[in-house]
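Novice:
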Amino acid sequence: MVLASLLLLALSAIVIQTTQVAALGSACGVPLTTGNAAWGEPYWLENIQHQGVAPFAPNATKYKVFRNVKDYGAVGDGVHDDTVAINAAISTGSRCGNLTCGSSTTTPAVVYFPAGTYLVSTPLQAYFYTVMVGDARTPPTLLASANFTGIAVIDADPYTNNQNWYTNQDSFFRSARNFVIDLTQMPANVSATGIHWQVSQSTSLVNVVVNMSTKPGNNHQGLFMEDGSGGFMGDLVFNGGKYGIWVGNQQFTVRNLTVNNANTAVFGSWNWGWTYQRVIINDCQIGFDLSGGGVGGEAIIDAVVTNTPVFIKSPKPTNVSVAGSLVLNNIHLNNVSAAVIENGTTILAGGTTTIDSWGKGNIYTGTHPNGTFTQGKIHRAHKDSSLLDHNGFIVSKGHPMYADYSADQFKSVRSLGAVGDGMTDDTEAIKAVLAKYAGCYIIYFDAGIYKVTSTIQVPAGTRIVGEAWTQIMGAGLNFNNQEDPNVVVQVGIPGSQGVTEITDIMFTTQGPAAGAIVVEWNVRDPPGLQGAAGMWDSHIRLGGGRFEVFSRADNDLLLLILANGTHLQDAECSAGSFSPECFAAFLGLHLTYGASAYLEGTWVWLADHDLDGFHQLTLFSGRGILSHSQGPVWMIGIAEHHVLYQFSLVGAKNHYMGLIQTETPYFQPDPAPPGPFDVSKVYDDPTFENGMTMAWGLWVQSSIDIIVFGAGHYSFFQNYSTACLGNTTCQTQMVNVDWTSSVSIYNLATVGTTYQLSIEGNGIIYFANNSEGFSSTVTSWSPARAIYP
0 MVLASLLLLA
10 LSAIVIQTTQ
20 VAALGSACGV
30 PLTTGNAAWG
40 EPYWLENIQH
50 QGVAPFAPNA
60 TKYKVFRNVK
70 DYGAVGDGVH
80 DDTVAINAAI
90 STGSRCGNLT
100 CGSSTTTPAV
110 VYFPAGTYLV
120 STPLQAYFYT
130 VMVGDARTPP
140 TLLASANFTG
150 IAVIDADPYT
160 NNQNWYTNQD
170 SFFRSARNFV
180 IDLTQMPANV
190 SATGIHWQVS
200 QSTSLVNVVV
210 NMSTKPGNNH
220 QGLFMEDGSG
230 GFMGDLVFNG
240 GKYGIWVGNQ
250 QFTVRNLTVN
260 NANTAVFGSW
270 NWGWTYQRVI
280 INDCQIGFDL
290 SGGGVGGEAI
300 IDAVVTNTPV
310 FIKSPKPTNV
320 SVAGSLVLNN
330 IHLNNVSAAV
340 IENGTTILAG
350 GTTTIDSWGK
360 GNIYTGTHPN
370 GTFTQGKIHR
380 AHKDSSLLDH
390 NGFIVSKGHP
400 MYADYSADQF
410 KSVRSLGAVG
420 DGMTDDTEAI
430 KAVLAKYAGC
440 YIIYFDAGIY
450 KVTSTIQVPA
460 GTRIVGEAWT
470 QIMGAGLNFN
480 NQEDPNVVVQ
490 VGIPGSQGVT
500 EITDIMFTTQ
510 GPAAGAIVVE
520 WNVRDPPGLQ
530 GAAGMWDSHI
540 RLGGGRFEVF
550 SRADNDLLLL
560 ILANGTHLQD
570 AECSAGSFSP
580 ECFAAFLGLH
590 LTYGASAYLE
600 GTWVWLADHD
610 LDGFHQLTLF
620 SGRGILSHSQ
630 GPVWMIGIAE
640 HHVLYQFSLV
650 GAKNHYMGLI
660 QTETPYFQPD
670 PAPPGPFDVS
680 KVYDDPTFEN
690 GMTMAWGLWV
700 QSSIDIIVFG
710 AGHYSFFQNY
720 STACLGNTTC
730 QTQMVNVDWT
740 SSVSIYNLAT
750 VGTTYQLSIE
760 GNGIIYFANN
770 SEGFSSTVTS
780 WSPARAIYP
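In numbering that gives the first Met the number 0, the protein residues as written are 0 to 788.
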């Protein structure tokens with residue numbers, strides 16, 4: 000049935016491929032290709048009409064989503080202290096922070112900084128659900144005063160009386176973009192930090208530069224992160240400092256990191272697994288210091304290291320731990336004395352050379368249950384040319400900012416008839432905007448919750464920008480039949496191609512929605528362009544957001560609005576309950592046969608708890624991310640709590656995935672999968688004939704040239720009890736690969752799982768052989784036909 004369904008998909012793509020290209024709206028003469036912003040013109044975000052709404056915020060009619068810091072008294076001249084004004088811009092409006100609230104979905108904010116230099120003397124406190132954005136044309140400078148006090152210039156999780164405002168592993172929805180942070184006015188001997196970034200999923204740091212002291216023995220650091228459960232950050236530059244970044248977190252992906260003239264570019268405190276893609280280190284003393292022993296796994300791909308005596312300091316393994324898995328791939332060294340040292344001993348020589356594929360840790364091949372501890376060359380994954388740029392690096396593309404575009408090149412859906420209040424059916428209004436302007440304008444979804452009751456078709460060639468994770472919410476009978484599932488948002492039609500970019504959008508559903516395919520991705524890159532069809536800072540969140548209204552006198556209106564929330568909160572779906580009203584989706588994200596996709600930081604989350612109330616939930620989403628795509632696909636993503644699987648690749652080809660992270664539903668095995676859904680042959684579901692009673696983290700079948708460069712698959716519960724963690728029996732198996740697939744997996748970290756990797760449903764790699772303490776890490780697994788450098 001797998002091959003039959005794939006053949007149908009392939010044939011449909013071929014039939015349409017010959018005629019479908021990027022579609023243009025009826026009002027379009029030519030496609031949008033370049034920006035028309037004049038020299039000296041502010042960033043479009045400053046000039047566009049600001050009419051986004053937060054319909055369920057306290058005092059919603061007066062609540063402002065967009066805040067320009069200058070409207071709150073900031074001057075930006077580098078002389079006046081702007082701290083109080085900026086923090087007022089962030090916090091105004093009964094927002095979630097200062098130990099009054101652990102999380103909230105009702106008060107989003109975009110805090111905008113025009114070009115200028117903003118002198119600050121204490122931290123800028125990034126409240127929950129905050130996007131801090133600087134002018135992308137002329138990024139503003141946040142200048143720490145000489146007498147600055149506090150943990151960091153930007154603080155994503157402040158401490159008050161030694162207590163964090165937010166729970167570190169639930170510190171979601173934060174972003175900071177387009178800033179220069181300057182610590183050079185602070186004395187070199189004083190502890191100074193640019194960013195305190197203690198965050199979790201659905202967070203990003205993008206296009207940030209931190210300048211620090213270059214004096215010997217200085218105590219500056221660009222970024223400090225003590226824990227959390229991330230996450231993505233990219234396009235970052237750190238100049239000077241004792242540390243470029245000092246980081247500890249369960250898992251994270253860092254793309255396009257540059258560190259110049261620091262003593263240590265990266266200090267790794269602890270992790271279960273981090274992936275660094277595209278790293279440049281110049282004139283540092285140490286590249287990566289992992290010698291503390293808390294790092295479970297570090298995977299580095301596509302790095303250039305120059306004039307740095309030691310690339311990596313690594314701890315020595317013990318008889319109870321491999322002491323940090325390490326994978327190096329495509330590392331270019333220029334005048335580096337030692338590539339890897341361990342307790343002062345060089346275990347990989349440096350020089351001016353290229354490290355093709357090297358690892359330190361337990362290496363597995365095929366069905367062999369016993370790994371070999373290796374410090375040397377390891378399996379080299381085949382990288383299809385479609386995944387690589389002209390330098391032979393994995394393609395890297397930053398969050399589109401549209402810095403060269405002017406406000407008149409955007410069309411607002413609210414200006415053109417959509418409401419975004421979470422109650423009004425905005426289906427036809429959104430369809431009309433896309434039909435008229437797709438392809439020749441950037442479609443701007445002002446902040447709000449846009450309820451849709453039938454499929455929204457986004458033509459290939461469309462660019463969509465949201466505001467503080469604008470929500471598109473599928474609702475109604477069209478999305479509530481798992482026997483006949485329907486798509487909420489369809490991106491392109493099969494065979495279509497075009498530059499298609501989606502940023503800052505949240506896709507969600509209103510329950511019950513057992514038949515909702517939340518996003519179907521059909522579009523592919525046009526010839527000659529890579530990563531042209533993609534999503535950045537966009538997520539699928541199913542349940543977990545309680546839409547409440549305050550300060551409204553009309554009780555009937557209050558009841559109406561509560562009835563038009565997600566219906567997937569604690570009141571309806573408390574932990575341990577079982578209700579057909581608590582079905583949130585059939586499938587989160589489907590990459591179809593002919594699609595290509597660049598997905599950066601995508602989080603496909605079925606809520607395990609209520610973000611507005613802390614209570615655990617029992618919700619049901621059948622499937623996380625399904626890919627039939629023939630590639631290329633670049634995926635930095637997370638999928639959690641779906642019933643059958645988090646990631647499934649069936650008949651897929653040419654995928655780069657790193658880092659991917661999953662969690663198993665907390666309620667399983669009650670019910671065990673596929674319940675309460677049925678196995679779908681049309682969507683190539685696993686059958687669970689091997690007795691698996693928990694969801695698969697990663698299922699791979701009939702797939703070719705799949706690279707997993709960093710993965711964290713976690714199972715913490717059985718029916719909400721963590722007792723199973725004591726003997727690592729929360730789940731018997733987690734990752735399954737069939738014999739027909741060619742898959743290379745690096746830095747596979749698992750928690751609570753007895754067998755880390757299975758072949759054809761049979762557990763092969765036993766967790767205890769790869770202990771890192773709480774987690775277990777496989778440095779590399781490859782099929783028996785492995786290729787070695």
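We treat Cβ as the ideally placed atom computed from N, Cα and C, and that holds for glycine.
Within a Cβ cutoff of 6 Å, which residues of the same chain sit near VAL750, ignoring the five residues on either side of it in sequence?
Specialist: Only TYR713, SER774 meet the Cβ criterion.
Novice: Need the endpoints of the alpha helix (DSSP H) that THR426 sits in, please.
Specialist: First-last of the alpha helix (DSSP H) with THR426: 426-436.
Novice: Taking VAL179 as the reference, which of GLY216, GLY149, PRO138 has the closest Cα?
Specialist: Ranking the options by Cα distance to VAL179, first place goes to PRO138.
Novice: Which two residues bound the contiguous beta strand (DSSP E) that contains LEU44?
Specialist: That residue, LEU44, is in no beta strand (DSSP E); its alpha helix (DSSP H) goes 43-46.
Novice: Between the segment 212-219 and the segment 132-150, are three or more C-beta pairs nearer than 8 Å?
Specialist: They do not touch, by the three-pair rule.
Novice: What does the Cβ neighbour count give for SER98, buried or exposed, with the cut at 16 atoms within 10 Å?
Specialist: Before going on, a small fix: residue 98 reads as Leu here, not Ser. Under this definition LEU98 is an exposed residue.
Novice: What would DSSP say about SER453, mapped onto helix, strand or coil?
Specialist: Looking at SER453 - three-state DSSP - the assignment turns out to be coil, as it is neither helix nor strand.
Novice: To the nearest angstrom, report how far apart GLU759 and HIS608 are at their CA atoms.
Specialist: Near 34 Å, if we compare the C-alpha coordinates of HIS608 and GLU759.
Novice: Report yes if the C-beta distance between SER120 and ASP70 is below 8 Å; otherwise report no.
Specialist: No, the pair does not count as a contact, with Cβ atoms beyond the cut-off.
Novice: Taking Cβ positions, are LEU838 and HIS640 nearer each other than 8 Å?
Specialist: In this structure the chain extends from 0 to 788, so residue 838 is not present and cannot be described.
Novice: In this structure, how does DSSP classify ALA793 when only helix, strand and coil are distinguished?
Specialist: Residue 793 is absent from the model: the chain starts at 0 and stops at 788.
Novice: To the nearest angstrom, how far is the alpha carbon of LEU558 from that of ARG94?
Specialist: Unreliable placement is indicated for LEU558, whose pLDDT of 36 sits below 50; the coordinate value is still reported in the next sentence. If I take the Cα positions, the gap works out to 23 Å.
Novice: For MET224, which beta-bridge partners are listed by DSSP?
Specialist: BP columns for MET224 point to VAL246.
Novice: Closest to ASP704 by C-alpha separation, out of LEU289, TRP695, GLY544, THR739, would be which residue?
Specialist: Here the closest residue by C-alpha is THR739.
Novice: Helix, strand or coil for TYR71, going by three-state DSSP, please let me know.
Specialist: Helix, per DSSP.
Novice: Determine the DSSP secondary structure at ASP407, reduced to helix, strand or coil.
Specialist: Reduced to three states, the DSSP call for ASP407 is helix.
Novice: Look at the Cβ atom of VAL464, then the Cβ atom of GLY491, and state whether they are nearer than 8 Å.
Specialist: Against a cut-off of 8 Å, the Cβ pair of GLY491 and VAL464 comes out as no contact.
Novice: Hey, would you say GLY494 sits closer than 8 Å to GLY24, going by beta carbons?
Specialist: Their beta carbons are not under 8 Å apart, which means GLY494 does not touch GLY24 by this criterion.
Novice: Please determine, among ASN270, ASN206, TYR745, the residue with the shortest C-alpha to C-alpha distance to LYS225.
Specialist: Going by the sequence as given, residue 225 is Glu instead of Lys. Residue ASN270 is the option with its Cα nearest to GLU225.
Novice: Classify ILE13 as buried or exposed, calling it buried when 16 or more other Cβ atoms lie within 10 Å of its own Cβ.
Specialist: Low per-residue confidence applies at ILE13: pLDDT is 42, beneath 50, and the placement is therefore not dependable enough to give any value.
Novice: Could you check which residue in PHE127, ARG176, ALA143, VAL208 has the C-alpha nearest to that of GLN197?
Specialist: It is PHE127 whose Cα lies nearest to the Cα of GLN197.
Novice: For the segment 263-321, which segments carrying the beta strand (DSSP E) assignment without a break, of at least 3 residues, lie completely within its bounds, in sequence order?
Specialist: Whole beta strand (DSSP E) segments, 3+ residues: 263-281, 285-288, 296-305, 309-313.
Novice: Threshold first: 4 residues or longer. Then list the alpha helix (DSSP H) segments lying entirely within the segment 363-397, N to C.
Specialist: The segment 363-397 contains no whole alpha helix (DSSP H) run of 4 or more residues.
Novice: Quick one: what's got a C-beta closer than 7 Å to VAL486's C-beta in the same chain, skipping five residues either side?
Specialist: Within the same chain, VAL486 has close Cβ partners THR454, ILE516, GLU519.
Novice: Please return the same chain residues whose Cβ sits closer than 7 Å to the Cβ of ALA53, not counting the five positions on each side in sequence.
Specialist: Here the set comprises ALA59, TYR62, VAL64, THR105, THR106, PRO107, ALA446.
Novice: Can you check whether the CB of ASP156 is closer than 8 Å to the CB of ASN167?
Specialist: Contact: yes.
Novice: Please report the straight-line C-alpha distance between GLU547 and PHE55, rounded to a whole angstrom.
Specialist: Note on GLU547: pLDDT 34, under 50, position unreliable in the model; no value is reported.
Novice: Could you spell out where the alpha helix (DSSP H) holding ASP569 opens and where it closes?
Specialist: Segment 569-572, the alpha helix (DSSP H) holding ASP569.
Novice: Helix, strand or coil: which one does DSSP assign to ALA26?
Specialist: In the structure shown, ALA26 sits in coil (DSSP, three-state: anything other than H, G, I, E or B).
Novice: At a cut of 8 Å, does the segment 393-412 reach the segment 352-372 through at least three beta carbon pairs?
Specialist: Too few Cβ pairs lie closer than 8 Å, so no.
Novice: Taking the alpha carbon of LEU289 as the point to measure from, which residue in VAL326, THR507, TRP602 has its own alpha carbon closest?
Specialist: Checked all of VAL326, THR507, TRP602; the closest Cα to LEU289 is VAL326.
Novice: Give the single residue among SER741, GLN509, GLN162, PHE392 whose Cα lies nearest to the Cα of GLY544.
Specialist: When only C-alpha atoms are compared, the closest one is GLN509.
Novice: Does DSSP put GLN496 in a helix, in a strand, or in coil?
Specialist: Strand, per DSSP.
Novice: In the structure shown, what three-state DSSP assignment does ALA767 receive?
Specialist: ALA767 falls in the helix class under three-state DSSP.
Novice: State buried or exposed for GLY343, treating a residue as buried only when at least 16 other CB atoms are found within 10 Å of its CB.
Specialist: Exposed, since its Cβ has fewer than 16 Cβ neighbours within 10 Å.
Novice: Rounding to the nearest angstrom, what Cα-Cα distance links ARG379 and THR778 in this structure?
Specialist: One C-alpha to the other measures close to 13 Å.
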